[in-house]
Structure formats: C-alpha cells, structure tokens
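Residue numbers (the working numbering): 19 to 230.
Working notes, beginning with the structure itself.
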Amino acid sequence: MFTGLIRELGKVVSLAPMAGGMRLEVTMETKGEGSPVVGDSVAVNGACLTIVEVGSGRVVMEVSPETLTRTNLGTLKPGDVVNLERALRVGDALDGHLVLGHVDDTVSLLEVRREGEFYLFRFSLPPHLARYVAEKGSVALDGISLTVRGLAGDSFTVAVIPHTYRNTNLQFRRPGDKLNLEVDVIARYVERLMGGGGGALSEDILKRTGFL
C-alpha cells in the first residue's frame, strides 16, 4: 500500500524482455537506513512492482504481461524519469490517500496550462472508470496523489502545486503522453456496498451508505 506522495525520482537504466513480461532496471537510492532489499515493493509510476535485484544505486524489477497491458511501463525507454514510492510501513504517516499500486488504465494528457504559480492538467476519462471519479475526490496519476478539480464530459482536470510539479515527472509530461490512472479504492467499495449497480455516485447515495 502507498500514499501517492512521491519520495524519489528514478531514471530508467535498461529494459529487457522476459517470457511475455519485462525486466526493468532503474536508479534508486540504495544506501542508508531503510535501504531497499530484494522482495520489497515499490510503486513505479504508480504500478506496484517487486524488487528482485539490488545494486549500487539501482534496483531491478520484473513486470508481468498484465502490468504491461494496463500501464505505461511498456512504453518506457532508457533515460526516462519515473516516479518512485516505497510501500508503507507500520507507523508511517498517511499524508496522501490510500493507493494500492493496482493501475486501472492509462489516460491521455490533453492539456497543460498555468494558473498563476499552479499547473492545470486535463486528462481523458475512460467511460468505464467515470463513475469512480468525482470532483474533490482523489486519483493517483503515475502514482501521484491528486485531487480532481473538475469534470467535463469525457475529461477531468487536476491542479498541481509547484512543489509536486518540480518533484515528480509531471514536469516532463506533454499533451499526448499516457499516464497511469488508479481510481480511489473507496469509490470501488462504495459501489460494491451498493450492489454494483454501475450508476453514478451521488451525495444522497454516500449519505445513505454512511460515507457522509
């Protein structure tokens, strides 16, 4: 489990095919207290992967065929910058929102514009995920915990503060890029409690199910 707060940026060192999947090597801080070890989980652009090898300033992970299908990891190239977050440990602060590292789909970046010191990012919204995305709700984009600022038809917008922009790979993103989207798991559980009817979530429904 993760928080969606990016602690480190890594750079892709190498990629190698393996039995339908891929071996992914990225730079990562490997010294000091709490250094990564084989078997640790790390979110790479929001996708939960397991470390299978640790070297000096780098780690290797194996990416399954399913993960390659659902995420943007299959489009990575050597030199690309990726968001990294280590899995939560008991006692860690939960400052973002609950992120499982299970990417639902990729979305296209449609527009980036400045609003004062802030950045507005507009993304496509896949129809099968639209019911889980609500204004003021949380989403994880490439593993970054962000709040939905607005919805318009088949797209949604998030506002990004300067700190987040500078300390994640959002600074390198351009219109047309694909980002990994994980919707808020709470929205999925609410739907499950409702019986999986597939209708849009409303304030009345949230009140009746005890979430408001």
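Ideal Cβ placement from N, Cα and C applies to all residues, glycine included.
Since we're looking at a predicted model, the values are computed, not measured.
Item                                                                                                                         : Value
Residue from VAL203, ASP195, ASP98 with nearest C-alpha to SER32                                                             : ASP98
3 or more residues per run - each beta strand (DSSP E) lying fully within the stretch 39-122                                 : 39-45, 59-62, 65-73, 76-81, 99-104
Beta-carbon contacts of LEU106 that lie in its chain and below 6 Å, excluding the five residues immediately before and after : MET19
VAL208 - containing alpha helix (DSSP H), residue span                                                                       : 203-211
Contact belief for GLU26 with LEU102 at Cβ below 8 Å, rounded distance in angstroms                                          : 4 Å
Stretch pair the stretch 34-50 + the stretch 65-79: three plus CB contacts closer than 8 Å                                   : yes
Separation of PRO83 from GLY73, as counted between CA atoms                                                                  : 25 Å
As assigned by DSSP and simplified to three states, the class of THR182                                                      : helix
Among HIS120, CYS66, VAL130, ALA177, nearest to GLY231 - alpha-carbon criterion                                              : Outside the shown range of the chain (19 to 230) lies residue 231, about which nothing can therefore be said.
Status (buried if at least 16 other CB within 10 Å, exposed otherwise) for TYR207                                            : exposed
Spatial distance of THR124 from TYR150 (CA atoms)                                                                            : 15 Å
Span separating the alpha-carbon of GLY22 from that of ASN187                                                                : 13 Å
Touch test, the stretch 165-182 against the stretch 131-150, Cβ-Cβ under 8 Å, three pairs minimum                            : yes
C-alpha gap between ASN63 and PRO180, whole angstroms                                                                        : 19 Å
7 Å Cβ shell around ARG131 - same chain, five flanking residues per side excluded                                            : LEU138
Same chain only: Cβ atoms within 8 Å of ASP58, ignoring 5 sequence neighbours per side                                       : THR68, ILE69, ARG104, ALA105
Supposed close pair GLU209, VAL121 - CB separation, criterion 8 Å                                                            : Contact flag wrong, Cβ pair sits at about 18 Å.
Inter-residue Cα distance where the pair is THR89 and GLY52                                                                  : 28 Å
Between the CA atoms of THR85 and THR182 - distance to the nearest angstrom                                                  : 25 Å
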